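Numbering (this note's numbering), first residue to last: 2 to 691. We treat Cβ as the ideally placed atom computed from N, Cα and C, and that holds for glycine. None of the values given here were measured: they were computed from a predicted structure. Take a look at the structure below.
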Amino acid sequence: MTILHSPAKSGRRALVAASLILSPALFASSADALEFKFSDLTMQLDTTVSVSAAMRTEGRDCSHISYFNGGCLQSDGSGWDVNNDDGNINVEQGEIFSMPYKVVSELSGQWRNYGFYVSGKAFFDPAARDIDDGYNEYGPIIGGAANPHGGRPLNDGARSAKKYAMRDIKLLDAYAYADWDIAGMPLNVRLGRQVVSWGESTFIQGGVSSYLPFDVAALYQPGLELKEVFLPQGTAYASLGLPGDVTLEAMYIYEHEKSELPACGTLFSVSDALGQGCAYGIALGDYNRGLEAGVFPPPSYLPRIGDEKTKDEGQYGFALRHYADWLGQGTDLGLYFVNFHSKLPIGTFTALDDPSGTLGLASAACGGNLMDPVNCAGPSLTFDYPGSPIDNWAIAGTTFYYGMSIYGGSLAGGGKKLLAQYPEDIKMIGASFNTSVTMLPAIFGDGTAISGDLAYYPNMPFQVDTTELLAHDFAAVGFTANPGEAPIYTGEMVAAGQVIPGYRRTKALHGSLTSLSTLTPSNWFVRNTGGDFTVLLINAGFQYLPDSDNNRFAIPGSNKTHANPGVGIAVGDVCQVSSGVPTQNCSLSARYASAFSTGYRIYAFQDYHSAFNTGWTIEPHLYWSHDVSGYSAGPIGPGFVKGKKVLSLGVDALYQGFKAGVSYTMHMGAENRNVDYDKNFVAMTVSYAF
2 MTILHSPAKS
12 GRRALVAASL
22 ILSPALFASS
32 ADALEFKFSD
42 LTMQLDTTVS
52 VSAAMRTEGR
62 DCSHISYFNG
72 GCLQSDGSGW
82 DVNNDDGNIN
92 VEQGEIFSMP
102 YKVVSELSGQ
112 WRNYGFYVSG
122 KAFFDPAARD
132 IDDGYNEYGP
142 IIGGAANPHG
152 GRPLNDGARS
162 AKKYAMRDIK
172 LLDAYAYADW
182 DIAGMPLNVR
192 LGRQVVSWGE
202 STFIQGGVSS
212 YLPFDVAALY
222 QPGLELKEVF
232 LPQGTAYASL
242 GLPGDVTLEA
252 MYIYEHEKSE
262 LPACGTLFSV
272 SDALGQGCAY
282 GIALGDYNRG
292 LEAGVFPPPS
302 YLPRIGDEKT
312 KDEGQYGFAL
322 RHYADWLGQG
332 TDLGLYFVNF
342 HSKLPIGTFT
352 ALDDPSGTLG
362 LASAACGGNL
372 MDPVNCAGPS
382 LTFDYPGSPI
392 DNWAIAGTTF
402 YYGMSIYGGS
412 LAGGGKKLLA
422 QYPEDIKMIG
432 ASFNTSVTML
442 PAIFGDGTAI
452 SGDLAYYPNM
462 PFQVDTTELL
472 AHDFAAVGFT
482 ANPGEAPIYT
492 GEMVAAGQVI
502 PGYRRTKALH
512 GSLTSLSTLT
522 PSNWFVRNTG
532 GDFTVLLINA
542 GFQYLPDSDN
552 NRFAIPGSNK
562 THANPGVGIA
572 VGDVCQVSSG
582 VPTQNCSLSA
592 RYASAFSTGY
602 RIYAFQDYHS
612 AFNTGWTIEP
622 HLYWSHDVSG
632 YSAGPIGPGF
642 VKGKKVLSLG
652 VDALYQGFKA
662 GVSYTMHMGA
672 ENRNVDYDKN
682 FVAMTVSYAF
């Protein structure tokens, strides 16, 4: 009965998506850019136009669709979250889920020691218009049977969702700059919408650059341009070169720019409740007429209200850099401090406003014991869903009533709401290095750059598990844990109608190590495959939570149960309270974020110049992602989910300003916690830069 699926995965999956479509072509400048020169004023206009398409290639795994929408059970006996399957329902195998027509332009100018830079983009995606139309075999279960519903609403009640997915015109960068010489020391100043990127991490997120917002929605569109990844924010920036190869940098961010999430109901939407345009969450299914007539209440909808206000001011940072020519072959060293507000959302609720006091009366009747078998047994309710895996499941009526009450349904008459928070004043202390080494030349080529990124957060806010947030209302009316049980709720208590903090702050350490190697024909692999050169990038990282004992930080699937068994039964997956089905297996156990989690990424491409004796350059590329151990807390973090893997294979063809590419991406491993497990796809892009 979970309303929120943790938005933590949004940032995690986003940068994986970026890596799947990265190619060396993204780093190439436009061919034949338009240049203008008027006396001392020089201007340049670069434009890229593209048309792309992405098609789902794998059929939907029924265990990744809620059984209230016609899905089936997972291997642990539980069902998929009903508030996290709309995108899966809407997109069938063989369906094009994104087809953007896009223009990205950049205009730069320089006059003496002054200059400016402006960029923007516009796109139209007709595939989004039809993504929730037509027949498919999944949808809400109504009238005691799985009735094909023709897809889930792309907006979940909010008309703006389709607008987000279909079209946009957006200003990206817009800043002016100046260069001066102050007593022999170079000073650079920039003011306006810009991206100030510090640190050395590449694919694995959670490091020094975590203060940057990014366009998650764009990362899932084929035909991505590198300049679209990070969103500019209003910033004043200055860099001063000091004696001794030292550089001092400072920035003040004067506007809070949120990361943009995929639209509600699209294939890779973050949540059916928290994506762009989502308007509500639901308890169980949309239609609850599959239980015994007259016993079960109408469906409970939790409306989404406006995001909690986040201040613009108070975001700033400093960087101190030094080029150490005495260290190795020369090493760039960096120290950083940043105070910023989160760009990724935290999902939460308001505390139950229960005017009739029904939940409090239930607590009194049961002596504050959620598992009282005598006073709180109540008549059982039986699901009547022929053909569904939950057909004939029986649920203790009073326990079921608890869960429905705190959702603010008709039984309680409450006013519970859901919303997003963006925690403020996150502090980051970081360090980085970048150097060149000669390391195993037979494998890594003639030259390898090694870089590292370490970020310490003394007060990082992490998303709390949804069932833990709902448990607040049980604790508020007097329910307590039985002897030997874990506490019902471990967070801050708030008054009725007030916002329950969806996060808790703790210490966090994030580390990342990257190697970037260039292999020439002197390397055995390049020579034997006939290439001109190969680039190999390896990025490994970790997250460490030193105070993680007894944490209740969300990970995928943690919302199905709870550390306290009474809470798990009341608001977790219904398999924990069903009876009367001899073959039913429910093996859920509470699991939250790990103290230590690790993973690595590999990206490689190889160039074939003048391929097939033509003027075209062919670039096959490969991406591999493997989450080795543990489960990361988020939303700011690396997003590791033990056993999760991604493999992407593709090839690009380039001729002057033209580019054409095709890639295939498959998701594997961690079946019960991998939200992208069945979302394999093929993507194609044609573009021209001028």
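ask   = Alpha carbon to alpha carbon, what distance is there between E672 and A591?
value = 17 angstroms
Close Cβ partners of A29 (< 6 angstroms) along its chain, the five nearest in sequence each way excluded = With a pLDDT of 44 at A29, under the threshold of 50, the modelled position of that residue is not reliable, and the figure given next carries that caveat. Here the set comprises nothing.
request  = State the Cα-Cα distance for the pair G573 and F475, rounded to the nearest angstrom.
outcome  = When only Cα atoms are considered, G573 and F475 end up about 14 angstroms apart.
request  = Can you grab the Cα-Cα spacing for the pair S455 / T236, in whole Å?
outcome  = Checking the sequence, you will find Leu at residue 455 rather than Ser. Roughly 24 angstroms between the two C-alpha positions.
query = Would you call A684 buried or exposed, if buried means 16 or more other Cβ atoms sit within 10 Å of its Cβ?
reply = buried
task = Go through the stretch 163–233 residue by residue and report every complete run of the beta strand (DSSP E) that reaches 3 residues or more, in order.
result = 168–183, 186–195
request  = State buried or exposed for H257, treating a residue as buried only when at least 16 other CB atoms are found within 10 Å of its CB.
outcome  = With 16 or more Cβ atoms within 10 Å of its Cβ, H257 is classed as buried.
inquiry  = Shorter than 7 angstroms, the distance from the beta carbon of I306 to the closest heavy atom of the ligand NAP, or not?
reply    = Questions concerning the ligand NAP fall outside what the structure shown contains, since it holds no ligand whatsoever.
task = Check each candidate in A690, C279, D533, K417 and name the one with the smallest Cα separation from Q499.
result = K417
query = Just the Cα atoms here: how many angstroms apart are G224 and F543?
reply = 30 angstroms
query = Mind checking I283: buried by the 16 CB within 10 Å criterion, or exposed?
reply = Result: buried.
inquiry  = If we require 4 or more residues per run, which alpha helix (DSSP H) segments fall completely within the stretch 526–590?
reply    = 566–572
ask   = Anyone know if the C-beta pair for A218 and P263 falls short of 8 angstroms?
value = yes
ask   = Taking the runs of the beta strand (DSSP E) that are 3 residues or longer, which of them lie wholly in the stretch 82–131?
value = 97–99, 102–112, 115–125
task = Flag this pair as yes or no: are the beta carbons of Y212 and R191 separated by less than 8 angstroms?
result = no
key: Residues near S24 in its chain [Cβ-Cβ closer than 8 angstroms; skip 5 each side]   = Note on S24: pLDDT 44, under 50, position unreliable in the model; no value is reported.
key: Rounded separation between S452 and T519 - CA only   = 15 angstroms
inquiry  = Assuming T515 is part of the alpha helix (DSSP H), what are its boundary residues?
reply    = For T515, no alpha helix (DSSP H) segment is defined; the enclosing uninterrupted segment is the beta strand (DSSP E) at 504–520.
key: Cβ neighbours of E493 in the same chain (closer than 6 angstroms, five flanking residues each side left out)   = P502
ask   = How do the stretch 237–247 and the stretch 312–325 stand: do at least 3 beta-carbon pairs fall below 8 angstroms, yes or no?
value = yes
key: Endpoints, the alpha helix (DSSP H) within which T467 is located   = 467–477
Exposure of Y593, with buried meaning 16 or more beta-carbon neighbours within 10 Å = buried
ask   = Within 10 angstroms of its Cβ, does A555 collect 16 or more other Cβ (buried), or is it exposed?
value = buried
request  = State the start and end residues of the unbroken beta strand (DSSP E) segment that holds G448.
outcome  = Looking at the DSSP string, the run of the beta strand (DSSP E) that includes G448 is 448–464.
message = According to DSSP, simplified to helix, strand and coil, what is L321?
response = strand
task = Give the DSSP-derived three-state secondary structure of S11 in the structure shown.
result = Note that S11 has pLDDT 44, beneath the 50 cutoff, so the model's placement of it is unreliable and the number below is only indicative. Three-state DSSP puts S11 in a helix.
task = Determine contact between the stretch 598–612 and the stretch 625–634, defined as no fewer than three beta-carbon pairs at a distance below 8 angstroms.
result = yes
key: When Y604, T618, I603 are compared against H610, the one with the closest alpha-carbon   = Nearest neighbour of H610 by Cα position, chosen from Y604, T618, I603, turns out to be T618.
query = How about A239 and L336: do their beta carbons lie closer than 8 angstroms?
reply = no
DSSP state of H668 mapped onto helix, strand, coil = strand
task = Can you tell me which of R194, N189, A179 puts its alpha carbon nearest to the alpha carbon of L173?
result = R194
query = Is there contact between the stretch 78–90 and the stretch 119–129, where contact requires at least three CB pairs shorter than 8 angstroms?
reply = no
request  = Let me know the secondary structure DSSP gives Y302 once reduced to three states.
outcome  = strand
task = Please confirm whether E226 and T49 have their CB atoms less than 8 angstroms apart.
result = yes
request  = Could you name the residues of the same chain whose beta carbon sits closer than 7 angstroms to that of A482, not counting the 5 residues immediately before and after it, in chain order?
outcome  = Closer than 7 angstroms at Cβ, skipping near neighbours: P488, I489, N565.
message = Measuring only the C-alpha atoms, how far is P424 from F338?
response = Distance between the alpha carbons of P424 and F338 is about 18 angstroms.
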